[in-house]
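By our numbering, the letter at position 57 of the sequence shown is numbered 57, and the numbering carries on one by one without gaps.
Note that CB positions come from ideal geometry on N, CA and C, so glycine has one too.
What follows is a set of notes on a single structure, which appears directly below.
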Amino acid sequence: MPFYVRTGKYLHEKTTLITIQFKQAPNYSFPKEAAETWRPNRLTFSIQPQMDIRIRFQAKKPGPEMILNPVDMTFNYAEAYNGNEPEAYETLLEDVIEGNPTLFMRSDQVEAAWQVITPILEAWQARPPVDFPNYAPDSWGPEDAEALIARDGYNWTTLPVKEKIKAE
């Protein structure tokens, strides 16, 4: 199961998505012409800048012809809870004030984590990268990132941009 992470400080947009793309069903039960726009089903958890959960699946276009198109079904936290979701770190800071350690690591866990990470950091410092794939600010990263997943038959997922309603 491939697992890809794209991260960077100067990417086009600050967004955090987790996308699960489902495999195609082995026995395709629709005629080929019905699915010219067929896309794999996927489940996407959007963490920021907006919090939502969306599932993309194939739906039959209304009417007598068998035409399938990908559609999105979305649960949006801000719409469902009137925008009352906590800001970044709000829950964490509240737990600090209340003395609730649930979301924090114990000191022995921190030390164990550093025991794992320190050799990795030391190896990186000992062998700096020769051909580091930099990228232009405000882009979606180096072309190597696209090529990395394209060779496995995948592409990066971006969500549609919601148009802001202008007040008149």
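Collapsed DSSP secondary structure at Ala59 in the structure displayed: strand
_CB contact flag (Gln58, Leu68, <7 Å)_ = Taking a C-beta distance under 7 Å as the contact criterion, Gln58 and Leu68 qualify as a contact pair.
What residues match up with Ile53 in a beta bridge as DSSP calls it?
Phe45 and Phe75
Out of Arg39, Phe30, Asn82 and Glu13, which has the shortest C-alpha to C-alpha gap to Asn155? Arg39
| said: Rounded to the nearest angstrom, what separates Arg106 and Ala113 at their Cα positions? | reply: 11 Å
**Message:** Please list the terminal residues of the continuous beta strand (DSSP E) segment that includes Gln21.
**Reply:** Thr16 to Gln21
| Going by C-alpha distance, which of Thr19, Phe132 and Pro70 is nearest Asp52? | Thr19
Problem set entry | Ile120: first and last residue of the uninterrupted alpha helix (DSSP H) it sits in | Ser107 to Ala126
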